[in-house]
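Undergrad: The sequence shown lines up with residues -21 to -1, 1 to 277 when you count with mature numbering (1 follows the signal peptide of the UniProt record, and there is no 0). Backbone N, C-alpha and C define an ideal beta-carbon position, used for all residues, glycine too. If you're wondering where the values come from, they're calculated on a predicted model, not measured in any experiment. Please see the structure below; I have some questions.
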Amino acid sequence: MLQRLLTLFAFVLLFPALGFAQENKISGRIVDQKTKEPIPFASIGLKEEQSGALTNEYGFFQMAMPDKAQDSLVVLALGYFRKAILVKKGANLQDLIIEVPKRVIELKEVTVKGGKVKDLSLGSKGSTPGEGMIQGLPGQQYAFFVKNEKGKKLGNVRSVSFYIGENGFPREPFRVRLYKADGNYNSPNTDILTDNVVVSAPKGGEWYTIDLNSYNIPAPEEGFFVAMEWIVSGDKFYTTNFMDSYTPYGQIMRPTFEFKESRTWTYSIGKGWSLITLANNGMRYNAMIKAEVDMIKD
């Protein structure tokens, strides 16, 4: 009896703390405005604090409350319009339902007239990665520009490949993103793959190829960005502490030192894109990524 009373007393003391912890979280669900279906892997960021989170495959998210009196909560989802809502410190921001309008994007088909179509490889040519690891947290991306260096006439994107590291968790899912280089300073910006392509490699220590033929994606003539996006699955609403206990989150990619120019950009929720400029003996540090496209010969 005494043990039960002590347990109850401890719970009563803990209850306000639990309530306080919940009050310091923003949580909710991102859904399609028309269908009310959940939107998986949407990014939610606080504009002023430059922090954020990612929804899981069921559209759920949770993140810390802003430190400022008020901030803008910005929602970015693949295939949807950007949406921002005002959030105020101290307000009840639990179990939000945020509806986002869908964007209709029509992709033009490539028509080949009187020519032959051959396979063209763009991006990394090597089979042995360089020293180092490329890893991210939920919502982070690494995008490598697969350049059409010889100015060939391009058709559709056939496939993209990532060199998956043997460390970390090679079988964890990630999302494939393709972008035009039409952002500031030729950074990744406009999505050319508008479907959610979430994949999982069978193992690490080798190339992993994703077939994209069925999506009919025209390859921009100058080339395009191929990106890996780290996502969350299940109830993994957390970030990894890399200092105290080193546990990589999800996939690890390997770098390449094949190029003299920086072609890799990294994206973080709330902070946007930034170019990686690391070098080794005059060769730049880039993500080991490649693509296969149709090359049209007259």
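State the beta-bridge partners of E151 as determined by DSSP.
TA: Answer is none; E151 lacks a bridge partner.
Undergrad: Excluding sequence positions up to five away, which residues of its chain have a Cβ less than 8 Å from the Cβ of G105?
TA: T235, E237, M267
Undergrad: What does the alpha-carbon distance come out to for the pair R263 and Y187?
TA: 23 Å
Undergrad: Our contact map puts P19 next to N175 with C-beta atoms below 8 Å; I'd like the distance itself, whole angstroms only.
TA: 6 Å
Undergrad: In this structure, what does DSSP give as the bridge partners for M232?
TA: I113, I143
Undergrad: Cβ atoms of F39 and G69: under 9 Å apart, would you say?
TA: no
Undergrad: Exposed or buried, which one is R150 when buried takes at least 16 other CB atoms within 10 Å?
TA: exposed
Undergrad: Using DSSP's beta-bridge definition, name the partner residues of Y121.
TA: M207, T245
Undergrad: Residue range of the beta strand (DSSP E) that V54 falls in?
TA: 49 to 55
Undergrad: In whole angstroms, what is the alpha-carbon distance linking M232 and S247?
TA: 16 Å
Undergrad: What are the boundary residues of the beta strand (DSSP E) that includes T188?
TA: Per DSSP, the unbroken beta strand (DSSP E) holding T188 starts and ends at 185 to 190.
Undergrad: Kindly indicate if chain D contains any beta-carbon less than 9 Å away from that of M42.
TA: Annotation note: the requested chain D is absent from the structure, which comprises a single protein chain.
Undergrad: Please look up how many angstroms separate the CB atoms of F203 and K159, rounded, as I've assumed it's under 8 Å.
TA: 6 Å
Undergrad: Since D273 and N127 should fall inside the 8 Å C-beta cutoff, what is the C-beta to C-beta distance between them, to a whole number of angstroms?
TA: The pair is not a contact, with the Cβ atoms about 12 Å apart (cut-off 8 Å).
Undergrad: May I have the straight-line CA-CA distance separating A48 from L25, to the nearest angstrom?
TA: 12 Å
Undergrad: L143 and G183 look like a contact to me (Cβ under 8 Å); what is the Cβ gap, rounded to whole Å?
TA: Reading off the sequence shown, one finds Ile at residue 143, where the question assumed Leu. Correct: roughly 5 Å between the Cβ atoms.
Undergrad: For P80, count the other beta carbons within 10 Å of its own beta carbon; 16 or more makes it buried, fewer makes it exposed. Which is it?
TA: exposed
Undergrad: If you follow the beta strand (DSSP E) that D98 is part of, which residue opens it and which one closes it?
TA: Counting along the chain, the beta strand (DSSP E) containing D98 begins and ends at 95 to 102.
Undergrad: So the beta strand (DSSP E) E16 belongs to, where does it begin and stop?
TA: It is not in any beta strand (DSSP E) - E16 carries neither H nor E in the DSSP assignment.
Undergrad: Hey, how far is the Cα of V10 from the Cα of L75?
TA: Cα to Cα, the separation comes out at about 10 Å.
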